[in-house]
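Chemist:
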Amino acid sequence: MSSIDPDNLPQGEAKAKAVQAMFDTIAPRYDLVNRIMTFRLDTRWRRRTVRSLRLPAGATVIDLACGTGDFCIDLARAGLVPFGFDLSIGMLRAARTTAPLVHADILHLPVGDHRVDGATCGFALRNLVELPAFFAELARVLRPGGRIGLLDVAEPDNAVLRWGHHVYFDRVVPRVGGLLSDKSAYAYLPKSVAYLPHPDTMISQLHDAGFVDVERTLLVPGSAQLLTATLGGRPSVG
Ligand SMILES: C[S@@+](CC[C@H](N)C(=O)[O-])C[C@H]1O[C@@H](n2cnc3c(N)ncnc32)[C@H](O)[C@@H]1O
11 MSSIDPDNLP QGEAKAKAVQ AMFDTIAPRY DLVNRIMTFR LDTRWRRRTV
61 RSLRLPAGAT VIDLACGTGD FCIDLARAGL VPFGFDLSIG MLRAARTTAP
111 LVHADILHLP VGDHRVDGAT CGFALRNLVE LPAFFAELAR VLRPGGRIGL
161 LDVAEPDNAV LRWGHHVYFD RVVPRVGGLL SDKSAYAYLP KSVAYLPHPD
211 TMISQLHDAG FVDVERTLLV PGSAQLLTAT LGGRPSVG
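See the structure below:
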């Protein structure tokens, strides 16, 4: 059982430890619950994210907070060369990808400066302790002209869809997740959205970190958002 308290969201170091322990706990059934909860839309959202990178075959792409490796599989299928990084040993052990996986905190990547062509990150922004530090780390490891695709949950713009989204996400998901996996982890999931800054804040944080062409797209039916951007500077990517 995970020890995270959804009614008292932790901060700082306590958050990092609680998130790591929670994902270690839910790792064995993470993929199953994900597919059921999103009606497999998560797979479509990841493929869309990979396409949005618009990188040539053979480009090196790091998948940050790779979890069980879904993004690495899609990146490899698209002819890219993926490397995954995650803090949870449980998630890494449950991974099914053949891509190299590294146990690391994505706020302190064991990657040299300006070494990679692209980066993806799925459903992890709200789990991080400090978002501007993450964006700065992305800017450090990417080559100028490198691309990022960051995927996370969102609220639909349309009022009716937003109502349905909240009923589903706040009431159904915790029950289904609790039944199939860990109760407190899936009660934390809807509450953890409170950690995610307003989209305008994230866009401005990406600009501050040196990214240009920052775009945000709501993905059908509006319960996921994709942030894409290019690292400023002279392009060195095909
Ligand atoms: C919701 S899962 C997403 C997994 C995967 N990206 C996907 O699309 O299914 C969030 C992942 O973020 C990882 N994570 C959270 N904070 C992290 C950090 N600071 N460094 C590395 N991984 C982290 C967790 O261990 C977990 O595997």
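Residue numbering for the sequence shown follows this note's numbering, starting at 11 and increasing by one per position. Even glycine gets a Cβ: it sits at the ideal position worked out from N, Cα and C. Just so we're clear, the structure is a prediction, and the values are computed from it rather than from any experiment.
Going by DSSP, what residue range makes up the alpha helix (DSSP H) through Gln215?
Modeler: Residue numbering aside, residue 215 sits at position 205 when the sequence shown is read from its first letter. Here the alpha helix (DSSP H) through Gln215 covers 209–218.
Chemist: Which residue marks the beginning of the beta strand (DSSP E) containing Gln235, and which one marks its end?
Modeler: In the sequence shown, residue 235 corresponds to position 225, counting from 1. Per DSSP, Gln235 belongs to the beta strand (DSSP E) from 234–241.
Chemist: For Ala37, report the span of its beta strand (DSSP E) as first-last.
Modeler: To locate residue 37, count along the sequence shown from 1; it is residue 27. Counting along the chain, no beta strand (DSSP E) covers Ala37, and no H or E run does either.
Chemist: Along the chain, where does the beta strand (DSSP E) that runs through Pro154 open and close?
Modeler: For the purposes of this step, residue 154 is identified with residue 144 of the sequence shown, where counting begins at 1. Taken as a continuous stretch (DSSP letters only), the beta strand (DSSP E) holding Pro154 covers 152–163.
Chemist: Any idea which residues DSSP pairs Val112 with across the strands?
Modeler: In the sequence shown, counting from the first residue as 1, residue 112 sits at position 102. The bridge partners DSSP lists for Val112 are Phe95.
Chemist: If we count the other Cβ atoms within 10 Å of its Cβ and call it buried at 16 or more, is Phe33 buried or exposed?
Modeler: Here residue 33 is taken as the residue at index 23 of the sequence shown, counted from 1. Buried: at least 16 other Cβ atoms inside 10 Å.
Chemist: Let me check understanding here. Comparing Cα to Cα, which of Ala37, Leu160, Glu147 lies closest to Leu63?
Modeler: As a position in the sequence shown, residue 63 is number 53, starting the count at 1. Taking only the C-alpha atoms, the option nearest Leu63 is Leu160.
Chemist: Indicate, with yes or no, if ligand 1 has a heavy atom lying under 7 Å from the CB of Cys82.
Modeler: Position 72 of the sequence shown, counting from 1, holds the residue named residue 82. Flag unset: Cβ of Cys82 not near ligand 1.
Chemist: How should Val60 be labelled, buried or exposed, when 16 other C-beta atoms within 10 angstroms of its C-beta is the threshold for buried?
Modeler: Taking the first residue of the sequence shown as position 1, residue 60 is located at position 50. Buried is the call here.
Chemist: For Met47, verify whether its CB is less than 7 Å away from any heavy atom of ligand 1.
Modeler: To locate residue 47, count along the sequence shown from 1; it is residue 37. Answer for Met47: no, Cβ out of range of ligand 1.
Chemist: Give, in chain order, every unbroken run of the beta strand (DSSP E) that is at least 3 residues long and sits entirely within the region 101–150.
Modeler: 111–113, 126–132
Chemist: Examine ligand 3 and report whether any of its heavy atoms sits within less than 7 Å of the Cβ of Ser98.
Modeler: This structure simply doesn't include ligand 3; it includes ligand 1 instead.
Chemist: Could you tell me which residues DSSP puts in a beta bridge with Val71?
Modeler: Within the sequence shown, residue 71 is the residue found at index 61, counting from 1. In the DSSP assignment, Val71 is bridged to Pro92, Gly128.
Chemist: Run the proximity test for Met212: is its beta-carbon closer than 7 Å to any non-hydrogen atom belonging to ligand 1?
Modeler: Numbered from 1 along the sequence shown, position 202 holds the residue referred to as residue 212. Not one heavy atom of ligand 1 sits closer than 7 Å to the Cβ of Met212.
Chemist: Rounded to whole angstroms, what's the CA-CA distance from Ala75 to Thr130? Just pull it up for me.
Modeler: For the purposes of this step, residue 75 is taken as the residue at position 65 of the sequence shown. For the purposes of this step, residue 130 is taken as the residue at position 120 of the sequence shown. One C-alpha to the other measures close to 9 Å.
Chemist: Would you report the Cα separation of Pro5 and Gly243, rounded to the nearest angstrom?
Modeler: For residue 5 there is no data in the structure shown, the boundaries of the chain being 11 and 248.
Chemist: Taking 7 Å as the cut-off, is the beta-carbon of Ala143 closer than that to any non-hydrogen atom of ligand 1?
Modeler: Indexing the sequence shown from 1 puts residue 143 at position 133. Every heavy atom of ligand 1 is 7 Å or more from the Cβ of Ala143, so no.
Chemist: Is Asp17 helix, strand or coil by DSSP?
Modeler: What you label residue 17 is simply residue 7 of the sequence shown in a count that begins at 1. DSSP places Asp17 in coil when its eight states are reduced to three.
Chemist: Contact defined as beta carbons within less than 8 Å: I believe Lys201 pairs with Leu19. What is the distance between those atoms, to the nearest angstrom?
Modeler: Translated into the one-based positions of the sequence shown, residue 201 becomes position 191. Translated into the one-based positions of the sequence shown, residue 19 becomes position 9. The pair is a contact, with the Cβ atoms about 6 Å apart (cut-off 8 Å).
Chemist: Taking DSSP's pairing of strands, which residues face Phe221 in a bridge?
Modeler: For the purposes of this step, residue 221 is taken as residue 211 along the sequence shown, with counting starting at 1. DSSP, once it has assigned bridges, lists Leu241 as partnering Phe221.
Chemist: Any beta carbon from chain D within less than 8 Å of Thr211's own beta carbon?
Modeler: Of the chains in the structure shown, none is chain D; there is only one protein chain.
Chemist: Please classify Arg250 as buried or exposed, where buried requires at least 16 other C-beta atoms within 10 Å of its C-beta.
Modeler: This structure gives no information on residue 250, because the portion of the chain shown stretches from 11 to 248.
Chemist: For Arg58, collect the residues of the same chain with a Cβ closer than 6 Å to its Cβ; drop the 5 residues on either side in sequence, then sort them by chain order.
Modeler: Working through the sequence shown from its first residue, we reach residue 58 at position 48. Within the same chain, Arg58 has no close Cβ partners at all.
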